[in-house]
Amino acid sequence: MGNGRMYMRGLCITFNVLLLFDHRSTLHEMYILNVFGPITVLFSILGGYAAYRDKRILLILYVVFMTCEFIAIVIIAVPMVRVQPKMEEILDRRFHSVTPLHDTEPQVQRELNKLQASDQCCGLRGHSDWGCHIPLSCYCPPLPPDNSLDSLCETVNLGLQNTTLDCQHNNTHGQTTTSVSQERWVYSKPCGPILKRHMNFLIQIMIGFISTFATIMIAAIVMSLVLLGLQIRSTEPPLNDSLDRVKYQLSPLAVT
Numbered sequence: 183m184g185n186g187r188m189y190m191r192g193l194c195i196t197f198n199v200l201l202l203f204d205h206r207s208t209l210h211e212m213y214i215l216n217v218f219g220p221i222t223v224l225f226s227i228l229g230g231y232a233a234y235r236d237k238r239i240l241l242i243l244y245v246v247f248m249t250c251e252f253i254a255i256v257i258i259a260v261p262m263v264r265v266q267p268k269m270e271e272i273l274d275r276r277f278h279s280v281t282p283l284h285d286t287e288p289q290v291q292r293e294l295n296k297l298q299a300s301d302q303c304c305g306l307r308g309h310s311d312w313g314c315h316i317p318l319s320c321y322c323p324p325l326p327p328d329n330s331l332d333s334l335c336e337t338v339n340l341g342l343q344n345t346t347l348d349c350q351h352n353n354t355h356g357q358t359t360t361s362v363s364q365e366r367w368v369y370s371k372p373c374g375p376i377l378k379r380h381m382n383f384l385i386q387i388m389i390g391f392i393s394t395f396a397t398i399m400i401a402a403i404v405m406s407l408v409l410l411g412l413q414i415r416s417t418e419p420p421l422n423d424s425l426d427r428v429k430y431q432l433s434p435l436a437v438t
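And the structure:
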């Protein structure tokens, strides 16, 4: 239960970070899919009413609307399937565009600090993404005597960074950082691969949801067409086969 809770927390933080990277061009398909929820509910009510009341016109409208919605969902799902293999390259470009991280928006920094603290990572590609303003969430806890955390951490000479990087400007976003000239232990694992893994998982969930939803829509359309065909057959007039019948007429008995 604890691992599942931490994983879901990582997914939520990842989703917020990715949304904050670009407010305009991030996951348009997910926003569009939110519109199909209420529309599908209305169409389902329409189809149920048409089947219950045996309304042929409403049933035809239901089939037409559901077919149009199915086509729209397929059009939206195809780019998501095509972009999944390129997601790592897209995220790398996005990560490069937001560095150095101490100059990004405060919301992005807050979400990254949460991710760094929960997953024991630092920066998108490493601690150098923060420049000389490494936040406290990147710092490793004090090393135990057995150095069991040695593989998770690395030393950073902040004094050397201050001389090699342009650190004269102050942090304008109110982040808690340090610029003391001394060595510090920071997490060596970058957060970028964690974001990529969570993003791929989110896309797989969306593709699975769309596939299931599309299958249900196809079944609903097929059943509606079958019901429509039965309605048409039930309203056809019966064939008049009186001409093909052989008529017999009783003749009166002859009186002898």
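Using the numbering used here, the letters of the sequence shown correspond one by one to residues 183 to 438. Beta carbons: idealized from backbone N, C-alpha and C, even for Gly.
Close-in-space but distant-in-sequence residues of the same chain around residue i (CB under 8 Å, 5 per side omitted)
| i | result |
| --- | --- |
| L347 | Only weak support is given to the placement of L347: the predicted model assigns it a pLDDT of 48, under 50, and the value that follows is read from those uncertain coordinates. G313 and C314, listed in sequence order. |
| Y244 | F225, L228, G229, A232 and S406 |
| V256 | A396 |
| I392 | L215, I255, I258, A259 and M262 |
| K237 | Y231 |
| F252 | A396, M399, I400 and I403 |
| G390 | none |
Residue range of the unbroken alpha helix (DSSP H) whose run includes residue i
| i | result |
| --- | --- |
| E336 | First-last for E336: C335 to N339, but that is the beta strand (DSSP E), not the alpha helix (DSSP H). |
| K296 | P288 to D301 |
| T394 | G374 to S416 |
| T249 | R238 to V265 |
| H278 | M269 to V280 |
First and last residue of the uninterrupted beta strand (DSSP E) at residue i
| i | result |
| --- | --- |
| E369 | Strictly speaking, residue 369 in this sequence is Tyr, with Glu absent from that position. Where Y369 is concerned, the enclosing beta strand (DSSP E) stretches over E365 to Y369. |
Whole-angstrom C-beta distance between residue j and residue i, which should lie under 8 Å
| i | j | result |
| --- | --- | --- |
| G308 | P372 | 5 Å |
| M262 | I400 | Between I400 and M262 the Cβ distance is about 19 Å, and since that is not below 8 Å, they are no contact. |
| L334 | Y369 | 6 Å |
| M381 | L294 | So it is not a contact: roughly 15 Å between Cβ atoms. |
Residue j beta carbon less than 8 Å from that of residue i
| i | j | result |
| --- | --- | --- |
| D311 | P282 | yes |
| F277 | L306 | yes |
| V338 | R292 | no |
| E271 | K378 | no |
Nonlocal neighbours in the same chain, by C-beta distance under 7 Å from residue i, ignoring five residues either side
| i | result |
| --- | --- |
| M248 | F225, M399, A402 and I403 |
| L409 | A233 and L241 |
| P324 | none |
6 Å Cβ shell around residue i - same chain, five flanking residues per side excluded
| i | result |
| --- | --- |
| V265 | none |
| L284 | Leu is not the amino acid found at residue 284; the sequence shown has His there. The answer, listed in chain order, is W312, G313, H315 and N353. |
| T394 | none |
| E336 | S370 |
| G356 | Note on G356: pLDDT 43, under 50, position unreliable in the model; the coordinate value appears next. Same-chain partners within the cutoff: there are none. |
| I414 | none |
| T286 | V280 |
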